[in-house]
Structures are given as structure tokens and as C-alpha cells.
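Top line first, the protein sequences correspond to chains F and V.
So for the first sequence, the numbering used here puts the first residue at 346; every next one is plus one.
So for the second sequence, the numbering used here puts the first residue at 5; every next one is plus one.
All C-beta atoms in this analysis are idealised placements derived from N, C-alpha and C, irrespective of residue type, glycine included.
Treat the numbers as computed from the prediction; the structure is a model and nothing was measured.
Quick notes on the structure that follows.
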Amino acid sequence: MTVSAVTDRDPVICVCFDKRRSDILAEMQRPGATFSKLVDETGVGRKCTACRMDLEMLLGQPLEFQPSMERSDLVGPGLGHSMSDNRNCGFFVCTDEIDTVLCVSNHALPTDKNLQLSTFDYVCDIRSQQGERLATRRGRLEPHGDLLVSMRELVGAIGYGWFILNLIPRSAGLIGNTRPQVLLVGNGWAASYHAQLVSWASKVRSVMVGARDGKTSALFPVLNMELKDAALTVDLYKDGGLVGSRQTMVAADSLAVLDVDALFAAEIERYPDTLFVAVLHSDRPTRRYIAIKHRNGAMSIDHFPNTR
Amino acid sequence: MSLHYIAPFIYPLFPGEERLLRFIVPMQRLLDNHSVAGLDFELNLSTRKWANGTCLRQDDLVLAVRNGRVERPEILLEEKSEYFGYIETEITASIPMFHSVLYEIGYGMITTPMGQASVIEMPKFADPRVIRQIRETGRYSLAHTAAMVDQERNLDDYFLVINPYSKAIVVRLFNSRGDMIRRTVPNNSTLPISLREILRPGLPEAVFLSAPQRVIAYDVRAPFDHPEDCNTVDHLDPFRGEAAFIAGGWKRYIRSTLRRFQFNRRYGLS
């Protein structure tokens, strides 16, 4: 065995403290080992910090890391070439005061590497709250291009609605930053959230909801893109104990907007300043969002977390 | 391989007596979803409050777990701050029992004089998307593709950058036309950076953050010169170094094509 082969197999990770891959892994096998202790007690990653990412990659590898595509492996459309799933969905609000703009960006990173971006065709299907098709917009998103879709320009001040935006890759490249953002712009405020993959619709998700002076001011828009109605149960927990539960239906291909204060008026009156956990169960996969109204008319908006 | 810990997670702190961060650590759910079942051991929940390079407070809470049941299934944590800062929470166990270093805690709530904003926690390290990105691009980068400022409407947009490490990090913020802001984020500090220098008024645009090391960043919408009065706190996305097409695997190809066909036809998405 040559010296270089040994070095390749057990490379120096931290030059400052002369720690090799095997040294790091041995440290992590010791009782009570944590990444923070490794850094604190051995000093690796603290002096010049250049190895911190290598440390993360090394320690992340056996746990979470899936190898990415090498650049030479990038392929375009063709038989046997599976297309990345980039069908995104979300809800929107269009009133006289609020517009919603879908924002997609297909830019490379500010990096020395020549990153190859894919060209995408897009199809945006825009629906009313009840599922009626209001508009369809199609086009092409080239590398280094942006896509902005103003919902109010397309459908007018219709109140709530929802959309599906499909980004179909047409050439070899990376997905990059093409995850769509949904921007709501009101009178003196703006808020945004990430559209999410249709395929990530789920049956159970939870979110924290804060009551303050007897109000949460929270709405739960719930989107059902299935062919059948969904039975939805909302459970409200405090300190791990169930304090209230409500049932409702979300019709097929529609968006229900639940008002948390109306749904749980008695429970919130009983606990006017607390942090609840709301768990939304549905018998069919649905998408859930949280919008919190502010006193000045502004909103905070987000999708529910992606894990239970 | 089981581990003694999950990666520390971080929430931002906004300054002022009326700005309160509240979040719940779901200890039992963490054990149910993420650990070896039915064991007896001790869990340590350690929270450190940081601002301007200083650890202002550390609290440790030891919880007994018996037969897989933790004595307090949920822990509510609340924090205020005089300065922009962050709170870092770490969970360790007395025996190696976690399956993964990452766990999504869920949204916290930031109360302001005007209302509440939800905020998701960020892992201090080990996010597989970030690791994949670094391998592909050689650099740490985040993006927000719907940044917007409009002074006429008193609408500002900030990147709130948290450096939870012990050395200063220089971050660069770019728009797609190449305009740049360069700022140094001191160690263990939180810095709001207004994007107004690189954005055109009233137009949504993409803004990219680039740094030689990982940092944590949020997009914060607030009035001009008052980032503490945020109405929404959004996370940023790493550049995805994954391919738009994956070659090979006929089974995968046929399965994915069939699965999409019906849905795409129904919505006219092809």
C-alpha cells in the first residue's frame, strides 16, 4: 500500500490541529460525544474555520447525506430520464388592497463554478376558492430569467383562491433556486411564503398558535386537491393536553379558510395568553397554511412545517 | 449508528420589551419519532441566549425518561432581548439513542406591538440540502426570490443574518444584476441588513446571500429603519444542487411518469 493511498483513505480534515478523518470519527464514538463538544474540546473547526464544512459533510454522511449528481452526469430529457417533480401549489389573496405575486427565479449562484441551469416550461393553473378554473398561464423560464405572475392582473379582486404551478425541465441542468415564492403585498406591508410540492400534501401536520389578549388572529387555509371531499379535524393542545376539537369538511378541489378564533372561541377565552399546538388531521392528503393578521392590517404567512 | 444529540437549533430574537419569542420543544414527539423506543435515560435541554458576541444566559433542564416516556412531554420556552440576538437550544441524551441529528421543532411565535409572526427554527449544522449544495458549488449560498422594498409605502425588506460561530463571517448579498452589499457579521451575533441598496422600488426580485461559511438567515419584512417591527419572518432556501433530470432506472422512470400523468392531465399541467 502506498503512502498516498493511506492519505486518500484517511485525509487530514483539520490542518490547524492535525486531525484526520479517523481521529474525528473516533472522537464521535466516545460516550457523550456531540458535534459541539468535538469542536469545543478538540478545537477543530475553530481556528481558521476552513474545515467546518468538511466536518459537517463527514459527520452528516452516514446519517443524512445522499450523494448529489456529479456535473458530468447532468442529462437532458430522454427515455429513461426521470424528470424532477416541480409541481408547486399554494393559496393567494386578491382584494382591492392586497395583490399576490408568484415569483420564480432561475439564476445561478455568485460562485466561481460554472453552474449549468435548466430551461423550464411553466404552466400555472389558477382556481377560485371553490375550484373553478379562472386562468391558465403558460410560458418558458430561461436560465438567468425571472417569472412574476400577478394574480390580481389575471383574475381580479376575487378574495381567496389557489394555484398549481408546474415547472417542467426542458434541458440538462440543476434545479437551483426555482422553488416559487408567493408574495402578498398590501397597503404598507408585504409577506411571503414558499409554495410547496403538490406531492408533499399530507394527512397530519401541526403548528403552534399563540393567543394574546384572548385572540390568536390566525387563519388556517387548507387546500384539498384530491378528487373527493376531505374530512378535517382540528385538535387544540395546551401543555400536551387536548383542550378542544372541531370537525369540518374541505370539498374536493377547493380551499377552506378556517378562522381559529371563531372555531375555538371558548377555549381561547379560557386561556387568553398561551401558546397552543394545533394538529390538523384529514382523511385525505391536504396542504395547510397559517396566516396571522396584525392590528395594522399586515399579515404573517407561512406553510405548516413539513414534518409531523 | 445512534447518537447522543440532535443538532442545536436556533431562533432569532428581536429587541424590545414588547417583542417576545415563544416556542414549544415537543420532547415526547421527538423521542417517539426519532429515537430508540422504550429506554431509561436522562435528557438535557440546554438553551443559550446570545447577542453581540456574548452568551447572556444559559439554562439547563434535565428530564428523566422512563420506558421511553419523558416526564414533561412539551417544554414552553419564552425569551425577550434588549438587542438583536438569537437563542440556541441543544438536546443531548445520556446514552446514544437518536437516529438522526436533524429534527424539525416547528414554528415559534414572535409577538410585536402589532401582532405575531411565525418563525421556523434553523439547525446550526448538518442540513443535508446545505451539505449537498456545498459539495456541488463549493460555497454556502441562500436565496430569497421575492424580496421587495418600497419607501413610498414604508415597506422595507431585511436579511436577518445570524452568525452562531466563534469567528466573524463576511457575507455578500447580490441581486441578479450584480449589485452587491458586503457586511461583516461578528461572532455569535445577529445583524439585520436592509436590502434597499440593491433593490428597485416596488419590484419583487431575487436576492442571494453568499458566504465562505454557513450562516443562518431570515427574510424580515418591516417598516423603513425598524426591522424590529417585523410582520413576517421567512426562511431562505439553499441553492439546490440537484439535477432536473435523473438518468437510469427504468422502474423509477415509468413509475414517476405514470404517477404524474393523471394529475397533470386533470389540471392541464403538461
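Cβ-Cβ distance between residue i and residue j below 9 Å
| i | j | result |
| --- | --- | --- |
| L462 of chain F | G504 of chain F | no |
| A248 of chain V | H452 of chain F | no |
| L564 of chain F | E612 of chain F | no |
| R391 of chain F | R218 of chain V | no |
| V105 of chain V | L404 of chain F | yes |
| V527 of chain F | L625 of chain F | no |
| V449 of chain F | M152 of chain V | no |
| Y87 of chain V | P19 of chain V | yes |
| P77 of chain V | Q32 of chain V | yes |
| S145 of chain V | L572 of chain F | no |
| Y107 of chain V | L164 of chain V | no |
| G421 of chain F | R244 of chain V | no |
| V554 of chain F | L600 of chain F | no |
| S495 of chain F | T236 of chain V | no |
| S627 of chain F | A575 of chain F | yes |
| E201 of chain V | R23 of chain V | no |
| D604 of chain F | S122 of chain V | no |
| L17 of chain V | Y90 of chain V | yes |
| A97 of chain V | G423 of chain F | no |
| I369 of chain F | L419 of chain F | no |
Residue from the options whose Cα sits closest to the Cα of residue i
| i | options | result |
| --- | --- | --- |
| S50 of chain V | V:E92, V:F249 and V:G112 | V:E92 |
| A68 of chain V | V:Y90, V:L80 and V:I95 | V:I95 |
| F228 of chain V | F:W534, F:A480, F:G490 and F:L512 | F:W534 |
| G490 of chain F | V:A172, V:V134, V:Y87 and V:N179 | V:N179 |
| V552 of chain F | V:I124, V:L213 and V:L203 | V:I124 |
| R640 of chain F | F:T561, F:F362 and F:V595 | F:T561 |
| H239 of chain V | F:L625, F:Y538, F:P617 and F:R524 | F:Y538 |
| D618 of chain F | V:Y15, V:D63, V:T115 and V:V66 | V:T115 |
| Y467 of chain F | F:L608, F:N459, F:P525 and F:M496 | F:P525 |
| N37 of chain V | V:I10, V:L177 and V:L65 | V:I10 |
| V211 of chain V | V:V237, V:E232 and V:D183 | V:D183 |
| K583 of chain F | V:M101, V:A221, V:R70 and V:I79 | V:I79 |
| R321 of chain F | F:E498, F:Q475 and F:R366 | In the structure displayed, chain F extends from 346 to 653; residue 321 of chain F sits before or after that span and is not available. |
| G110 of chain V | V:F13, V:P77 and V:I250 | V:F13 |
| L512 of chain F | F:S590, F:N459, F:R432 and F:M373 | F:R432 |
| V174 of chain V | V:R186, V:A251, V:E246 and V:Y90 | V:R186 |
| V579 of chain F | F:D606, F:S599 and F:D558 | F:D606 |
| Y257 of chain V | F:M428, F:I358, F:G388 and F:A378 | F:M428 |
| L510 of chain F | F:I646, F:A378, F:A480 and F:V602 | F:A480 |
| F380 of chain F | V:S274, V:K171, V:L7 and V:G119 | V:L7 |
| T445 of chain F | F:L493, F:T464, F:Q474 and F:M373 | F:L493 |
| T464 of chain F | F:K638, F:G484 and F:D470 | F:G484 |
| R204 of chain V | V:S214, V:T188, V:R181 and V:P216 | V:R181 |
| E75 of chain V | V:P168, V:L47 and V:Q62 | V:L47 |
| L34 of chain V | V:P242, V:F102, V:G253 and V:R143 | V:F102 |
| D385 of chain F | V:G272, V:S170, V:P208 and V:V66 | V:S170 |
Residues bridged to residue i [DSSP beta-bridge criterion]
| i | result |
| --- | --- |
| F465 of chain F | F:L486 and F:P514 |
| Y272 of chain V | In the sequence under discussion, the amino acid at residue 272 of chain V is Gly, which differs from the Tyr named in the question. Answer is none; G272 of chain V lacks a bridge partner. |
| D580 of chain F | F:S590 and F:V624 |
| P127 of chain V | V:F13 |
| T19 of chain V | Reading the sequence as shown, one finds Pro at residue 19 of chain V and not Thr. According to DSSP, which records beta bridges pairwise, P19 of chain V is partnered with V:S85. |
| W534 of chain F | F:G531 |
| E571 of chain F | DSSP, once it has assigned bridges, lists no residue as partnering E571 of chain F. |
| M101 of chain V | Answer by DSSP bridge pairing: none, since M101 of chain V is not bridged. |
| R70 of chain V | V:R73 |
| V306 of chain F | Within the shown structure, residues of chain F are numbered from 346 to 653, placing residue 306 of chain F beyond reach of any answer. |
| F436 of chain F | F:W507 |
| F27 of chain V | V:L81 |
| Y111 of chain V | V:I124 |
| D444 of chain F | F:V530 |
| A151 of chain V | V:E209 |
| A480 of chain F | F:I471 |
| L159 of chain V | V:D154 |
| T96 of chain V | V:Y9 and V:N48 |
| Q374 of chain F | Answer is none; Q374 of chain F lacks a bridge partner. |
| T116 of chain V | V:G119 |
| Q62 of chain V | V:R52 |
| H539 of chain F | F:Q526 |
Tell me, please, whether the stretch 427 to 446 of chain F touches the stretch 122 to 131 of chain V by the rule of three or more beta-carbon pairs shorter than 8 Å. no
To test your reading of the DSSP string, which unbroken beta strand (DSSP E) runs of 3 or more residues are found completely within the stretch 600 to 644 of chain F? 620 to 638
Could you give the uninterrupted runs of the beta strand (DSSP E) lying entirely in the stretch 194 to 268 of chain V, keeping only those of 3 residues or more? 209 to 215, 220 to 226, 236 to 239 and 244 to 247
Cβ contact (3+ pairs, closer than 8 Å) linking the stretch 539 to 547 of chain F and the stretch 593 to 604 of chain F: no
Quick check: the stretch 72 to 85 of chain V against the stretch 27 to 43 of chain V, are at least 3 beta-carbon pairs closer than 8 Å? yes
Below 8 Å, how does it come out for the stretch 567 to 582 of chain F and the stretch 629 to 639 of chain F: are there three or more Cβ pairs, yes or no? yes
Counting Cβ pairs, one atom from each stretch, are 3 or more of them under 8 Å apart for the stretch 221 to 236 of chain V and the stretch 153 to 171 of chain V? yes
Is the stretch 189 to 201 of chain V touching the stretch 45 to 62 of chain V in the sense that three or more CB pairs, one from each, lie closer than 8 Å? yes
When the Cβ atoms of the stretch 425 to 439 of chain F are set against those of the stretch 501 to 515 of chain F, are three or more pairs found closer than 8 Å? yes
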